[in-house]
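Undergrad: Before I ask anything, let me first share the structure, which is written out below as structure tokens.
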Amino acid sequence: MIYLNGEFLPIEEARIPVLDRGFIFGDGVYELIPVYSRRPFRIEEHLARLQHSLDGIRLPNPHTPGEWRELIDTLIAQQSFDDQSVYLHITRGVAKRDHAFPPGITPTVMMMANPLVTPTPEQIENGVAAVTAVDNRWLRCDIKAISLLPNVLLRQLAVDAGAAETILLRGGFMTEGAASNIFVIKDEIIFAPPKNNLMLPGITYDVVVELANQNNVDVRIGAVPERLLRHADEIWQTSSTREVLAITTLDGAPVGDGRPGLLGQRMLEWYQAFKTAVMRADYT
Ligand code: PDD
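This note's numbering numbers the first residue of the sequence shown as 10 and each following residue consecutively.
Printed below as a string of structure tokens:
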């Protein structure tokens with residue numbers, strides 16, 4: 010079952026008009042919330058980021074946080090599997106095609122849940138490959154916009170090269186991955202770009218920074234030059250679905266010794282322990 014504009018219904022029966030501005034212009038935003046054992050992970054932070062995205066495109070939020078939580082809980086309860094990725098999608102609504110905002114239209118709200126697919130044991134054991142490309146996206150990458158054509162094209166470069174992710178470079182500095190955030194590790198120090206307009210403020214990114222602080226690992230937030238990326242001891246990719254995954258080759262060259270590093274393995278353990286603690290905690 011999926012949710013569309015106030016109704017829960019089978020996905021095959023869900024319909025949107027062709028004049029929906031999401032279809033015509035990619036005029037909308039989305040969120041993806043991982044759900045472990047039927048508990049949404051960091052839901053407050055995801056709903057806050059959704060609000061930031063909606064503000065960024067000047068679209069009033071169709072629901073209060075309480076209403077979102079209720080809808081999300083109902084959607085989760087309807088699925089047969091426990092670990093889920095819940096996808097929220099809001100567009101500006103349906104109107105005759107014209108770029109400017111049409112007055113008085115109702116946003117389209119869609120939500121669906123899929124089984125959560127995290128890295129395989131083989132990927133965790135060996136890490137994955139990444140390629141680099143010029144970040145040719147717009148200057149509001151902090152908005153989780155549904156218009157993802159640049160990300161789609163950039164991610165496909167990785168797939169074409171037999172790699173898992175494309176790491177993006179803008180003006181000599183690393184921004185993020187096509188669908189993930191990137192951390193660079195050198196001499197036991199974690200380097201990460203700042204959360205500004207050039208990257209999506211990842212929820213997993215925040216968790217990784219918090220876990221590093223709690224475990225007394227040095228984190229430096231600041232512009233990450235390309236040469237640091239190319240001489241890294243370790244590179245990590247983080248996202249709600251990739252969790253914390255080692256990148257062990259970059260543009261065909263080994264990262265460090267070409268194996269997942271020790272710090273990355275510890276970070277993944279801390280991350281899994283944190284998830285478990287959250288899942289067991291009371292959820293209200
Ligand atoms: N993508 N940067 C980009 C461009 C992303 O698309 C994502 C997530 C992230 C990581 O954010 P988070 O840690 O909150 O998942 C960073 C999701 C998974 C997607 O589009 O499917």
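Cβ coordinates follow ideal geometry from the N, Cα and C atoms, glycine included.
Pick helix, strand or coil for residue 169, following the three-state DSSP scheme.
TA: Residue numbering aside, residue 169 sits at position 160 when the sequence shown is read from its first letter. Correct three-state label for residue 169: helix.
Undergrad: Going by DSSP, what residue range makes up the beta strand (DSSP E) through residue 153?
TA: On the sequence shown, residue 153 is found 144 positions in, with the first residue counted as 1. Neither: residue 153 is in no beta strand (DSSP E) and is coded neither H nor E.
Undergrad: Buried or exposed: where does residue 202 fall if 16 or more other Cβ atoms within 10 Å of its Cβ makes it buried?
TA: Here residue 202 refers to the residue found at position 193 of the sequence shown. So residue 202 counts as buried.
Undergrad: Just checking my contact of residue 106 with residue 28 at CB under 8 Å: how many whole Å lie between their CB atoms?
TA: Taking the sequence shown and counting its residues from 1, one reaches residue 106 at position 97. Taking the sequence shown and counting its residues from 1, one reaches residue 28 at position 19. The pair is a contact, with the Cβ atoms about 7 Å apart (cut-off 8 Å).
Undergrad: May I ask you to check if the CB of residue 214 is nearer than 7 Å to at least one heavy atom of ligand 1?
TA: The residue labelled residue 214 in the question sits at position 205 within the sequence shown. For ligand 1, at least one heavy atom lies less than 7 Å from the Cβ of residue 214.
Undergrad: Measuring CB to CB, does residue 233 end up less than 8 Å from residue 264?
TA: Residue mapping note: residue 233 aligns to position 224 of the sequence shown, counting from 1. Residue mapping note: residue 264 aligns to position 255 of the sequence shown, counting from 1. Cβ atoms of residue 233 and residue 264: not closer than 8 Å.
Undergrad: Touch check for the stretch 113-123 and the stretch 145-160: three-plus C-beta pairs under 8 Å?
TA: The stretch 113-123 vs the stretch 145-160: no contact.
Undergrad: Mind checking which residues open and close the alpha helix (DSSP H) that includes residue 236?
TA: For the purposes of this step, residue 236 is taken as residue 227 along the sequence shown, with counting starting at 1. Residue 236 -> alpha helix (DSSP H) spans 235-239.
Undergrad: Reducing DSSP to helix, strand and coil, say where residue 181 ends up.
TA: Residue mapping note: residue 181 aligns to position 172 of the sequence shown, counting from 1. Residue state, collapsed to three classes: coil.
Undergrad: Applying the 10 Å Cβ sphere with the 16-neighbour rule, what's the burial state of residue 46?
TA: Translated into the one-based positions of the sequence shown, residue 46 becomes position 37. Exposed.
Undergrad: Among 200, 42, 243, 114, which has the Cα closest to the Cα of residue 250?
TA: Here residue 250 refers to the residue found at position 241 when the sequence shown is read from its first residue. Nearest of 200, 42, 243, 114 to residue 250, Cα basis: 42.
Undergrad: Return the CA-CA distance between residue 112 and residue 65, expressed in angstroms with no decimal places.
TA: If you number the sequence shown from 1, residue 112 lands on position 103. If you number the sequence shown from 1, residue 65 lands on position 56. The alpha-carbon atoms of residue 112 and residue 65 are separated by roughly 18 Å.
Undergrad: In three-state terms, what does DSSP make of residue 51?
TA: Indexing the sequence shown from 1 puts residue 51 at position 42. Three-state DSSP puts residue 51 in coil, outside helix and strand.
Undergrad: Apart from the five residues on each side of it in sequence, which residues of its chain come closer than 6 Å, Cβ to Cβ, to residue 23?
TA: Stepping through the sequence shown from its first residue, residue 23 is reached at position 14. Correct list, in chain order: 11, 13.
Undergrad: If residue 137 and residue 170 are in contact, beta carbons under 8 Å, what's the gap, nearest whole angstrom?
TA: The residue labelled residue 137 in the question sits at position 128 within the sequence shown. The residue labelled residue 170 in the question sits at position 161 within the sequence shown. With 8 Å as the limit, residue 137 and residue 170 do not qualify as a contact, their Cβ atoms being about 12 Å apart.
Undergrad: Residues in its own chain within less than 7 Å of residue 116 by CB, not counting five upstream and five downstream?
TA: As a working note, residue 116 is residue 107 in the sequence shown. 68, 71, 99, 100, 101, 102.
Undergrad: Am I right that residue 248 and residue 290 are in contact with their C-beta atoms under 8 Å? What's the rounded C-beta distance?
TA: Position 239 of the sequence shown, counted from the start, is the residue given in the question as residue 248. Position 281 of the sequence shown, counted from the start, is the residue given in the question as residue 290. 23 Å between Cβ atoms; not a contact.
Undergrad: From residue 131 to residue 49, what distance separates their C-alpha atoms?
TA: Taking the sequence shown and counting its residues from 1, one reaches residue 131 at position 122. Taking the sequence shown and counting its residues from 1, one reaches residue 49 at position 40. Straight-line Cα distance between these residues: approximately 26 Å.
Undergrad: Looking at the secondary structure, which residues open and close the beta strand (DSSP E) in which residue 252 lies?
TA: The residue labelled residue 252 in the question sits at position 243 within the sequence shown. Note, residue 252: beta strand (DSSP E), 252-259.
Undergrad: Among 53, 226, 109, which has the Cα closest to the Cα of residue 34?
TA: Mapped onto the sequence shown, residue 34 falls at position 25. Closest by alpha carbon: 109.
Undergrad: Measuring CA to CA, which of 245, 254, 127 is closest to residue 44?
TA: To locate residue 44, count along the sequence shown from 1; it is residue 35. Of 245, 254, 127, the residue nearest in Cα terms is 127.
Undergrad: Rounded to the nearest angstrom, what separates residue 4 and residue 268 at their Cα positions?
TA: A query on residue 4 cannot be resolved here, the shown segment of the chain reaching from 10 to 293 and no further.
Undergrad: Taking Cβ to Cβ, would you say residue 140 is nearer than 8 Å to residue 175?
TA: The residue given as residue 140 occupies position 131 in the sequence shown. The residue given as residue 175 occupies position 166 in the sequence shown. Yes, the Cβ-Cβ distance between residue 140 and residue 175 is below 8 Å.
Undergrad: Among residues of its own chain, excluding the 5 on either side of residue 51, which ones have a beta-carbon nearer than 6 Å to its beta-carbon?
TA: Within the sequence shown, residue 51 is the residue found at index 42, counting from 1. 212.
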